[in-house]
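Line order of the protein sequences matches chains A and B. Residue 492 in the working numbering sits at position 427 of the first sequence; the count goes up by one each step and never skips. Residue 206 in the working numbering sits at position 141 of the second sequence; the count goes up by one each step and never skips. Each residue gets a CB set at the ideal place from its N, CA and C atoms; glycine is no exception. Here the structure comes first, spelled out in structure tokens, and everything after it is commentary.
Protein chains: 2
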Amino acid sequence: MSAFDDLMVFQRETEALAQIAGRLGWDQETMMPRGAAAQRGEEMAAVEGVLHARRVDPRITDWLEMIDEGHLDDAGSAQLRHIRRSHARASKVPAALAARLARITSEAQGIWAEARENEDFAAFAPTLSEVITLKREEGMALAAGGDIYDAMLDDYEPGATGAELEAMFGALRPELTRLREAVRSAEAPPVLQGKFDESAQMKLTRQLAKTFGYDMSMGRVDKAVHPFSSGSGLDVRITTRTNETDPFNCFYSTIHEVGHACYEQGIDRAYLLTPLGAGVSMGVHESQSRIYENQLGRSRAFTGWLFGQMKDAFGDFGVADEDTFYRIVNRVSDGYIRTEADELQYNLHVLLRFDLERALMGGELQVDDLEAAWNDRFKADFGYEVDKPSNGVLQDVHWSVGLFGYFPTYSLGNVYAGCLNDALRKDVTDLDDQLTVGDTRAATGWLRENVQSHGGLYHPKELITRATGSAPSEAPLLSYLSSKFGELYSL
Amino acid sequence: MSAFDDLMVFQRETEALAQIAGRLGWDQETMMPRGAAAQRGEEMAAVEGVLHARRVDPRITDWLEMIDEGHLDDAGSAQLRHIRRSHARASKVPAALAARLARITSEAQGIWAEARENEDFAAFAPTLSEVITLKREEGMALAAGGDIYDAMLDDYEPGATGAELEAMFGALRPELTRLREAVRSAEAPPVLQGKFDESAQMKLTRQLAKTFGYDMSMGRVDKAVHPFSSGSGLDVRITTRTNETDPFNCFYSTIHEVGHACYEQGIDRAYLLTPLGAGVSMGVHESQSRIYENQLGRSRAFTGWLFGQMKDAFGDFGVADEDTFYRIVNRVSDGYIRTEADELQYNLHVLLRFDLERALMGGELQVDDLEAAWNDRFKADFGYEVDKPSNGVLQDVHWSVGLFGYFPTYSLGNVYAGCLNDALRKDVTDLDDQLTVGDTRAATGWLRENVQSHGGLYHPKELITRATGSAPSEAPLLSYLSSKFGELYSL
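Here it is as structure tokens:
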């Protein structure tokens with residue numbers, strides 16, 4: 066066996082162990098008895114310890130040195146690129162710092178939850194400061210002289226920079242606030258009324274999952290507090306949730322997670338349990354979930370079909386026709402919470418977090434000023450005041466668990482989805498005719514071929530450029546949103 | 066930190082990883098999508114590889130040498146005993162042999178299943194021969210000059226020997242065949258008729274699990290093809306199955322698995338995720354499942370209560386009264402299959418396997434003669450001929466996966482259950498009054514205190530001796546069976 070083969074055998078075991086850690090996470094949110102939490106903490110720590118030891122294993126350096134890269138094909142080179150990256154990252158962070166970060170972020174999550182419960186940002190602030198101090202330390206170790214925030218971003222979106230995102234988001238923000246203002250002044254569509262049996266919701270949601278191409282023979286749909294997708298390759302599971310008065314929450318959570326899951330299921334099987342065998346970045350991942358959910362799932366064509374499915378499942382539910390249904394599904398409402406935001410306003414929530422967390426990491430914003438900064442920015446973008454911390458600075462878990470550099474990938478995913486939607490509709494000219502009868506095969510097949518199948522083969526931006534024929538830009542998303550909501554609200 | 070502390074930290078991680086491997090097994094039988102099997106095989110192999118590497122880790126030898134055992138308490142010494150044993154065992158078997166065994170037993174299971182399907186022992190024989198050759202090789206490595214079968218037995222029942230079991234089982238067999246003959250000539254009780262809604266079975270089975278003290282806040286009950294219990298400490302899950310015409314299969318499978326699960330749940334929390342934090346042997350484990358299932362669950366007192374519960378759950382199901390119900394529950398019927406055997410005949414099935422597998426390991430019996438030897442022995446003990454291999458030599462998966470030395474622990478468990486039942490009834494004199502109203506707390510509390518709580522602290526035989534006041538013997542089981550079935554069948 067060559068050094069490359071040895072390295073890949075070793076890496077394959079690491080990937081298999083990482084899958085196990087993921088499956089434990091799934092179990093924890095769906096099946097685990099509540100009383101098992103303390104033991105599960107130790108189990109997770111043990112498997113994370115094994116994974117860390119493998120990522121910094123000195124044999125990786127030896128193998129990498131011995132490999133003659135000239136003899137590798139593109140996939141082989143890409144494998145090495147991922148292995149080098151993960152090995153370098155794990156090796157750069159001192160073990161003591163990693164341990165302190167693991168401890169503080171585990172504690173911080175509980176402290177954040179309690180502070181949110183008590184509407185008391187001050188109770189969380191000292192812990193958040195500690196998290197930020199340690200994350201900055203980690204960022205400095207990773208950046209090695211470069212930009213701290215860029216080093217963090219690189220964990221979730223390899224190759225992206227804060228400056229580049231700032232430019233992109235800077236172009237998005239004024240257009241989004243303008244569109245938002247216009248919509249707010251227009252006449253609002255009706256609101257969905259009535260109750261929708263939750264087991265009937267689950268039945269229809271499973272059908273929707275299949276409609277969007279989710280392979281149930283290698284997956285499953287369960288209920289959890291927060292919808293998520295978990296796993297790669299042959300075992301990719303999703304969760305959703307139900308709410309008696311809000312069936313769209315269930316259906317669109319499912320379609321969103323199916324987008325993530327189909328990305329993992331759609332990767333070339335040759336990459337199974339290798340570094341190329343998972344989605345290439347959080348942004349590209351989110352582009353799949355978002356295009357499934359929004360550009361396809363919330364389109365006029367598809368909602369027309371969904372209206373019929375809902376009538377079959379629930380009988381007459383008080384909505385007169387497909388057009389009204391379409392307007393209800395895409396209703397723009399005031400609200401404080403990012404995860405409940407509609408397609409139009411969602412990115413404004415993200416942009417706010419991006420600017421604040423970048424300032425926190427850069428040292429220009431202090432934790433003591435964070436709540437005021439949040440509230441000011443919210444007022445500026447949304448036009449009304451935050452009423453309580455749980456609707457503002459305390460609403461997301463991310464910062465408490467040390468996720469800095471993660472938020473912007475949500476909006477980047479929306480931008481990518483906009484680009485992909487344009488290219489898809491150019492290639493599949495009768496797409497709406499198909500969606501009208503609930504047939505997503507051409508759309509999901511196009512995404513599988515042009516995005517999903519490649520796994521980690523290309524850099525994220527390169528992948529989108531290859532798929533769409535041009536470099537990623539916020540323009541298609543803006544034009545899609547302004548055309549869709551302009552029409553919906555007769556602007 | 067002392068060497069002992071270092072060793073225990075290391076060991077604790079190993080135990081946590083072993084729990085993860087167990088949870089994957091549970092997932093595979095209950096939740097895993099069918100199409101994930103291939104990937105799961107690699108995941109399991111990866112985690113087993115990690116566990117093996119930890120068990121043979123040379124640091125263990127160093128730590129063991131550095132520890133001054135004179136300063137340890139009983140629990141500390143017992144921890145070392147378990148660690149030494151597991152380290153020595155893993156180190157004695159050459160890695161190449163372990164790998165060959167893993168491969169052949171994984172293949173053999175499929176070949177066995179196909180041979181059983183086709184009623185063709187000859188198709189399985191060559192593979193079984195290979196398994197036996199490798200197991201003997203492993204046995205020689207483990208025995209280091211001692212008895213091969215004893216070395217295998219030691220994996221499941223530390224300290225037990227083939228000769229000692231032979232003596233015990235030799236005393237059991239004639240009494241069991243005599244009793245069996247007598248029962249066969251007596252008038253048989255009626256058979257249960259009708260259909261029993263399977264979701265109502267699951268509802269009652271969950272209630273039964275709680276009745277026997279299973280803590281559902283740290284466990285769960287799911288359906289699986291084969292009932293089993295899985296996990297230790299704070300996360301112990303069981304499975305059961307349902308059959309529309311045979312609710313007793315569901316209920317007594319559940320009570321049996323609850324016995325196993327309560328053993329794990331009942332271990333002193335100070336031993337959590339340490340070598341002492343799991344049941345001490347398969348025999349002692351089986352003693353708990355069996356005493357829950359039989360001496361308690363199939364007693365006249367408890368079945369009287371269960372009769373009422375079944376009437377509540379299913380309405381009038383055609384059984385006149387408690388006495389008739391008790392006779393139906395304990396009905397002795399002809400049959401070929403060990404796992405379906407009643408309390409009286411079960412051990413005859415096991416004793417047959419013990420003698421045959423010991424002869425196979427000793428080289429006195431060849432695989433080519435195994436089917437005939439099985440059939441002859443079956444005729445001698447049960448009085449009728451085996452009609453097909455799936456009802457005979459091909460019925461159990463054990464040998465195909467290399468489990469030699471495992472079968473006798475089933476009967477040893479029954480012997481231990483007999484001893485414990487005697488001691489329990491001496492200490493809790495009004496036990497039947499309690500069971501009559503479905504109250505198992507005194508019984509399960511006694512077992513928890515005298516057996517379960519100790520985990521791996523004592524040697525198996527020592528544990529039973531401490532709990533009962535005398536060395537284990539087959540006499541109490543025989544006297545219990547002959548009294549129970551003598552009365553039931555008016556012998």
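### A/Ala101 classed as buried or exposed, judged by whether at least 16 other C-beta atoms fall within 10 angstroms
The residue in question, A/Ala101, is buried, as its Cβ has 16 or more Cβ neighbours within 10 Å.
#### Entry: alpha helix (DSSP H) runs wholly inside the stretch 369-435 of chain A, at least 4 long, in chain order
Positions of the alpha helix (DSSP H) runs, each at least 4 residues long and wholly inside the stretch 369-435 of chain A, are given as 387-394 and 411-427 in order along the chain.
### Message
For B/Asp127 and A/Arg150, what's the separation of their Cα atoms in angstroms?
### Response
35 Å
### Task
Taking only beta carbons into account, state which residues of the stretch 95-107 of chain B come closer than 9 Å to chain A, listed in chain order.
Thr95, Met96, Met97, Pro98, Arg99, Gly100, Ala101, Ala102, Ala103, Gln104, Arg105 and Glu107
### Query
The beta strand (DSSP E) spanning A/Val462 covers which residue range?
Element bounds for A/Val462: n/a, residue is neither H nor E.
#### Entry: Test item: CB-CB of B/Arg306 and B/Cys315 under 8 Å
yes
### Query
Which stretch, first to last residue, makes up the alpha helix (DSSP H) that contains A/Ile125?
Pro123 to Met131
### Query
Considering only C-alpha positions, which residue in the set A/Thr505, A/Val112, A/Ile176 and A/Ala209 is nearest to A/Ala366?
The shortest CA-to-CA distance from A/Ala366 to any of A/Thr505, A/Val112, A/Ile176 and A/Ala209 is the one to A/Thr505.
### Query
Would a C-beta distance cut-off of 8 Å place B/Pro537 and B/Val480 closer than the cut-off?
In this structure, the beta-carbon distance from B/Pro537 to B/Val480 falls below 8 Å.
### Message
Taking 8 Å as the threshold (C-beta atoms), are A/Ile125 and B/Leu89 in contact?
### Response
no
### Query
In terms of residues, what are the limits of the beta strand (DSSP E) holding A/Thr305?
Arg302 to Thr305
### Task
Measure the C-alpha to C-alpha separation of A/Leu542 and A/Ser346 and round it to an integer number of angstroms.
19 Å
### Task
Could you tell me the distance, in whole angstroms, from the CA atom of A/Ser354 to the CA atom of A/Asn440?
29 Å
#### Entry: Runs of beta strand (DSSP E) lying entirely within the stretch 281-321 of chain A, each at least 3 residues, in chain order
286-288 and 302-305
### Task
Could you work out which residue in B/Arg513, B/Glu322, B/Ala140 and B/Gln499 is closest to B/Thr368 when comparing CA atoms only?
Nearest C-alpha to B/Thr368: B/Gln499.
### Task
Taking A/Ala111 as the query, report the chain B residues whose CB atoms sit under 7 Å from its CB, ordered along the chain.
Glu78, Ala81 and Leu82
### Task
Please go through the same chain and pick out, in chain order, the residues whose beta-carbon is closer than 8 Å to the beta-carbon of B/Ala424, but skip the five residues on each side of it.
Leu430 and Ala438
### Query
Leaving out the 5 sequence neighbours to the left and right, which residues in its chain are closer than 8 Å to B/Arg442 when beta-carbon positions are compared?
Leu417, Asp420 and Leu421
### Query
Pick from A/Trp177, A/Gly534, A/Ile402 and A/Ser142: whose alpha carbon is nearest that of A/Ala488?
A/Gly534
### Message
Using CA atoms only, rank isn't needed, just tell me which of B/Lys157, B/Phe472 and B/Arg165 is closest to B/Ala206.
### Response
B/Lys157
### Query
Beta-carbon of A/Ile125 versus every beta-carbon of chain B: anything under 8 Å?
Interface annotation, A/Ile125: not in contact with chain B, CB-CB separation never under 8 Å.
### Query
In terms of alpha-carbon separation, which member of B/Glu172, B/Arg154 and B/Ile197 lies closest to B/Gly106?
B/Glu172
### Message
Please tell me whether B/Val458 and B/Leu477 are closer than 8 Å, where the distance is taken between their beta carbons.
### Response
no
### C-beta atoms of A/Val415 and A/Tyr328 nearer than 8 Å
no
### Message
Let me check understanding here. Comparing Cα to Cα, which of A/Gly470, A/Arg392 and A/Gly520 lies closest to A/Glu252?
### Response
A/Arg392
### Distance CB(B/Ala445)-CB(B/Ser352) smaller than 8 Å
no
### Task
Return no unless some Cβ of chain B is closer than 8 Å to the Cβ of A/Arg165.
No, because no Cβ of chain B sits closer than 8 Å to the Cβ of A/Arg165.
### Task
Closer than 7 Å by C-beta to B/Met283: which residues in its own chain qualify, once you throw out the five before and the five after it? Chain order, please.
Leu299, Asp300, Val301 and Gln330
### Message
Is it the case that the stretch 135-144 of chain A contacts the stretch 335-342 of chain B, given that we only count it when at least three CB pairs across the two stretches are under 8 Å?
### Response
no
### Task
Can you have a look at A/Arg168 and say buried or exposed, based on whether 16 or more other CB atoms are within 10 angstroms of its CB?
exposed
#### Entry: Exposure of B/Met281, with buried meaning 16 or more beta-carbon neighbours within 10 Å
exposed
### Proximity below 8 Å, CB of B/Gly520 to CB of B/Ala343
yes
### Query
From A/His152 to A/Ser465, what distance separates their C-alpha atoms?
26 Å
### Query
Of all Cβ atoms in chain A, is any one closer than 8 Å to the Cβ of B/Met283?
Yes, because at least one Cβ of chain A sits closer than 8 Å to the Cβ of B/Met283.
### Query
What residue from A/Asp433, A/Ser250, A/Glu309 and A/Pro473 has the CA that sits closest to A/Asp399's CA?
A/Ser250
#### Entry: When A/Asp461, A/Tyr214 and A/Thr226 are compared against A/Pro427, the one with the closest alpha-carbon
As written in the sequence, residue 427 of chain A is Gly, which differs from the Pro given in the question. A/Gly427 has its Cα closest to that of A/Tyr214, out of A/Asp461, A/Tyr214 and A/Thr226.
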